[in-house]
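Following: one structure in structure tokens, then a few remarks.
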Amino acid sequence: MGKLLFGLTLGILTLVFLGPLLWMFLTSFKTAEGATSIPPVWIPNPATTAGYAPLANTSSETPVIRWFINSLLAGAANAVLVTATAALAAYALARLDFPGKKFMFGMIISTLFIPSFLFLIPNYIIINSLGWLDTLWAVIVPSAGGAFGVFFLRQFFLSLPAELEEAAAIDGANLWSTFFRVVLPLSKPGLATLLVLSFLTNYNDFLWPVFVLFSPGNLTLPAGLSILQGAFTINYPVVMAGAVIASVPAIILFVVAQRSIVEGVSRSGLKG
Amino acid sequence: MAVQSDVQVASAAGAAALTRRSRARKRNGLAAYLFLAPYLVLFLGFIAAPAIFGIWISLHDYDFALFYKPWVGLANYTSLFTPGSRDFGNFWQAMKATGIFTLFSVPCLVVVPLLIALLLNRKFPGRTFFRAVFFLPYVLGVAVIGLLFRYMLDPNVGVVNYFLGANIPWTTDLPWVWVSLVGMTVWWTLGFNALIYLAGLTDISPELYEAADMDGANRWQQFANVTLPGLRQVMVFVVTTTILASANMFGQYFILTKGAPGTATRTIIGYIADEGLRSFRMGAAAAMSYVFAIVLLLVSLVNFKVFNRGDAS
Numbered sequence: 083m084g085k086l087l088f089g090l091t092l093g094i095l096t097l098v099f100l101g102p103l104l105w106m107f108l109t110s111f112k113t114a115e116g117a118t119s120i121p122p123v124w125i126p127n128p129a130t131t132a133g134y135a136p137l138a139n140t141s142s143e144t145p146v147i148r149w150f151i152n153s154l155l156a157g158a159a160n161a162v163l164v165t166a167t168a169a170l171a172a173y174a175l176a177r178l179d180f181p182g183k184k185f186m187f188g189m190i191i192s193t194l195f196i197p198s199f200l201f202l203i204p205n206y207i208i209i210n211s212l213g214w215l216d217t218l219w220a221v222i223v224p225s226a227g228g229a230f231g232v233f234f235l236r237q238f239f240l241s242l243p244a245e246l247e248e249a250a251a252i253d254g255a256n257l258w259s260t261f262f263r264v265v266l267p268l269s270k271p272g273l274a275t276l277l278v279l280s281f282l283t284n285y286n287d288f289l290w291p292v293f294v295l296f297s298p299g300n301l302t303l304p305a306g307l308s309i310l311q312g313a314f315t316i317n318y319p320v321v322m323a324g325a326v327i328a329s330v331p332a333i334i335l336f337v338v339a340q341r342s343i344v345e346g347v348s349r350s351g352l353k354g
Numbered sequence: 006m007a008v009q010s011d012v013q014v015a016s017a018a019g020a021a022a023l024t025r026r027s028r029a030r031k032r033n034g035l036a037a038y039l040f041l042a043p044y045l046v047l048f049l050g051f052i053a054a055p056a057i058f059g060i061w062i063s064l065h066d067y068d069f070a071l072f073y074k075p076w077v078g079l080a081n082y083t084s085l086f087t088p089g090s091r092d093f094g095n096f097w098q099a100m101k102a103t104g105i106f107t108l109f110s111v112p113c114l115v116v117v118p119l120l121i122a123l124l125l126n127r128k129f130p131g132r133t134f135f136r137a138v139f140f141l142p143y144v145l146g147v148a149v150i151g152l153l154f155r156y157m158l159d160p161n162v163g164v165v166n167y168f169l170g171a172n173i174p175w176t177t178d179l180p181w182v183w184v185s186l187v188g189m190t191v192w193w194t195l196g197f198n199a200l201i202y203l204a205g206l207t208d209i210s211p212e213l214y215e216a217a218d219m220d221g222a223n224r225w226q227q228f229a230n231v232t233l234p235g236l237r238q239v240m241v242f243v244v245t246t247t248i249l250a251s252a253n254m255f256g257q258y259f260i261l262t263k264g265a266p267g268t269a270t271r272t273i274i275g276y277i278a279d280e281g282l283r284s285f286r287m288g289a290a291a292a293m294s295y296v297f298a299i300v301l302l303l304v305s306l307v308n309f310k311v312f313n314r315g316d317a318s
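Here it is in structure tokens:
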């Protein structure tokens, strides 16, 4: 392929991928008329933040700012829960010797192949009996039972040299302090990747929150956005402003943690 | 191997060492369970228990809000295969919708990301930037992508119809709804598959290409004889995960078409959720989940068979 053709292909592809996102961002600063004008105009004229104004109203049926806080809280809590419990379990499965280890590992890993929709109905009933329907607990806790984090961190721990842990044990460190002072500091990249991937997955999750959350004040952003669309059907600047607000944390996280995300995704693909 | 040499050392060191070791192992065992405990609570509560509880639900006429949940045996399953029953028509329409979507989206999501990965595998300035650009949509949720496409695909004021100079009902009529749903999904998730291909491409040894070069293989022959065989494993992974992801489609139709026209684009996950979590016919919905899981299992088996046959030849 010639250099020119190569450059041209890259240019067109970049336009195809960034164009729509730029369109979303610019539209959020237009007036309702500006957003639907034919022919379309790229640059908002007049530029206005009117699209963002209804989103800050916490007493409305669409308190986007509340959803935003709910989503950040749930995502962070879920990421910490997943990473903490998976790290402990993965260490036992990677390094410790105990009766029933093979069986337990096999049982946990085999659930990686169960499609998640099988859990939809029974988990709804379980969540209800815990009194968690329509609360953030419903989107924070259940997905932490998934096996991916355990699988991912076990692989990571196995790739660490065992000598350092053995040296710590000879120095009289118990298991707990070996895990805390030696293994965890060495595993920062793996832990960071799992934190970021768990947060993003939870932050973007759609199906489950749409059904387990229903009060306007309790929704997460993805569940709320589909309501926002119904409430402001043709007021596109408001709808796009909601989409922009939902995108910002994900994009910032992607820019900051691009290496972790890319490596995590590539590795999960090859090992899976 | 470590365990084996442990055993040898232990037997050589004699009985005293052996008891000390087994005592240490027991302590280790208790500690291991303490390490596992927090995760196991979550695993048993939200993975193992529901997987089995779901079967129990599917054997009942189950509404979680009603006290009376009569046992119906396999009726929830047999009705899915009985023409004229309450769920028969809708269930198979949803299966068909899921099938259509999977049939059209999987080939696109297997081929296009490969082309993009080949493009990104060349050495050029700004490679990391372009890789990020193609992956960017994937870090956004389906809700964001759905709202954006609904706006762009609006038949009257959307930019897509404006640029095409057409008046196509992208979100309301066949066959356009399928073009929209597949196109949007490809745009959204292509970066994920491209990344996995890219990791696979960098794992192919450059020596293989040098050897092919020396044999006088042209670019196309190198692609067919070095690149494709080298990507085999990766390809199996991509095809399998893409089929599963497409079969699980929900958010795209829920936001973009809301099932339109009628319920033609409502997928099987949509129907399970509608019946189970809106109409609270949880027994029927649970039965549908198991039937669909078995269908997916069969598809995966066929998929592996096809790839393995290619391996033998």
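Going line by line, the protein sequences match chains H and R. For the first sequence, my numbering gives the first residue as 83, with consecutive numbering after it. For the second sequence, my numbering gives the first residue as 6, with consecutive numbering after it. Virtual Cβ for every residue (Gly too), placed ideally from N, Cα, C. Please read all numbers here as calculations on a predicted model, not as lab measurements.
Worksheet item: Got a sec? Which residues, its chain only, sit under 7 Å from H/F238 by beta carbon, not counting five neighbours each side?
Response: S269, G272
Item to complete: Would you please verify whether the beta carbon of H/D253 is less than 7 Å from any beta carbon of chain R?
Response: Output row for H/D253: interface = no.
Worksheet item: Between the Cα of H/A174 and the Cα atoms of H/L277, H/V347, H/L103, H/R236, which residue gives the shortest distance?
Response: That would be H/R236, whose Cα lies nearest to the Cα of H/A174.
Fill in: Assigned exposure category for H/N300 - 16 Cβ within 10 Å defines buried
Within a 10 Å sphere around the beta-carbon of H/N300 sit 16 or more other beta-carbons, which makes this residue buried.
Worksheet item: If you measure from the beta carbon of H/Q237 to each beta carbon in chain R, is any gap under 7 Å?
Response: no
Practice prompt. Quick one: measure Cβ to Cβ for H/G133 and H/V123, integer angstroms, because I've assumed they're closer than 8 Å.
Written response: Contact doesn't hold; Cβ gap of about 15 Å is too wide.
Worksheet item: In terms of DSSP beta bridges, what is R/W181 paired with?
Response: For R/W181, which the question treats as bridged, DSSP gives no partner whatsoever.
Worksheet item: Alpha carbon to alpha carbon, how far is H/G93 from R/L203?
Response: Straight-line measurement puts the Cα of R/L203 at about 20 Å from the Cα of H/G93.
Discussion item. For R/Q226 and R/L213, what's the separation of their Cα atoms in angstroms?
Written reply: 12 Å
Practice prompt. Please check if any C-beta of chain H sits within less than 7 Å of the C-beta of R/I173.
Written response: Not one chain H Cβ lies under 7 Å of R/I173.
Worksheet item: Of the residues R/I209, R/V243, R/Q238, which one's Cα is nearest the Cα of R/F228?
Response: R/I209
Fill in: Of the listed residues H/R349, H/T315, H/P331, H/M322, nearest to H/F281 (C-alpha basis)
H/P331
Item to complete: Would you please verify whether the beta carbon of H/A176 is less than 7 Å from any beta carbon of chain R?
Response: no
Worksheet item: For H/T167, which residues of its own chain have a beta-carbon under 7 Å away from its beta-carbon, when the five flanking residues on both sides are left out?
Response: A226, listed in sequence order.
Discussion item. Does any residue of chain H have a CB that is nearer than 7 Å to the CB of R/R26?
Written reply: Reliability fails at R/R26, whose pLDDT of 47 lies under 50, so the model's placement of it is uncertain and no value is given.
Discussion item. Only counting the same chain, and skipping five residues up and downstream in sequence, which positions put a Cβ closer than 6 Å to that of H/A161?
Written reply: L277, S280, F281
Practice prompt. Return the CA-CA distance between R/I121 and R/N33, expressed in angstroms with no decimal places.
Written response: 49 Å
Discussion item. Quick check on the burial criterion: 16 or more other C-beta atoms within 10 angstroms. Buried or exposed for R/M219?
Written reply: exposed
Practice prompt. Measure how close the beta-carbons of R/L186 and R/Y258 come, nearest whole angstrom, since I'm counting them as under 8 Å.
Written response: Going by Cβ atoms, the distance from R/L186 to R/Y258 rounds to 6 Å, so yes, they are a contact pair.
Worksheet entry | Boundaries (first-last residue) of the alpha helix (DSSP H) holding R/R283 | R/R283 -> no alpha helix (DSSP H), and no H or E assigned at all.
Item to complete: Would you list the one or two residues that DSSP bridges to R/W76?
Response: R/H65
Worksheet item: Assuming H/A328 and R/A137 make a contact with CB atoms under 8 Å, what is their CB distance in whole Å?
Response: With a Cβ gap of about 19 Å, H/A328 and R/A137 do not count as contacting.
Practice prompt. Could you say which of R/R271, R/V244, R/I260, R/A292 lies nearest to R/V307 if we only look at CA atoms?
Written response: R/V244
Fill in: Where H/K112 falls, given that 16 or more other Cβ within 10 Å makes a residue buried
buried
Worksheet item: Would R/V162 pass as a contact of H/T217 if the rule is Cβ separation under 7 Å?
Response: no
Discussion item. Measuring alpha carbon to alpha carbon, tell me which residue in H/P304, H/T275, H/A171 is nearest H/L289.
Written reply: H/P304
Worksheet entry | When H/S141, H/T260, H/L108 are compared against R/P157, the one with the closest alpha-carbon | Reading off the sequence shown, one finds Met at residue 157 of chain R, where the question assumed Pro. Cα-wise, what sits closest to R/M157 is H/L108.
Fill in: alpha helix (DSSP H) segment containing H/G133, residue limits
Careful: H/G133 lies outside any alpha helix (DSSP H) and carries neither H nor E.
Worksheet item: What alpha helix (DSSP H) runs, 4 residues minimum, are completely inside the segment 211 to 271 of chain R?
Response: 211 to 219, 224 to 227, 237 to 252, 256 to 261
Worksheet item: Under a three-way DSSP split, which group does H/T217 fall into?
Response: DSSP places H/T217 in the coil class of the three-state scheme, outside both helix and strand.
Worksheet item: What residues of chain H sit near R/P234, judged by a beta carbon separation below 7 Å?
Response: Going along chain H, no residue has its Cβ under 7 Å from R/P234, so there is no contact; the nearest lies around 16 Å.
Practice prompt. Report back the beta-carbon spacing between R/S110 and R/T190 to the nearest angstrom; my notes put them in contact at under 8 Å.
Written response: Yes, they are in contact, since the Cβ atoms of R/S110 and R/T190 sit about 5 Å apart, within 8 Å.
Discussion item. Could you tell me the alpha carbon to alpha carbon distance between R/T87 and R/F93, rounded to whole angstroms?
Written reply: Answer to the nearest angstrom: the Cα atoms are 6 Å apart.
Worksheet item: In chain order, what residues of the segment 254 to 280 of chain R put their CB closer than 8 Å to some CB of chain H?
Response: F255, G256, F259, I260, I274, I277, A278
Worksheet item: Are the C-beta atoms of H/A138 and some chain R residue less than 7 Å apart?
Response: Taking CB atoms only, H/A138 has no neighbour in chain R less than 7 Å away.
Worksheet item: Short check: CB of R/I62 to CB of R/M287, under 7 Å?
Response: yes
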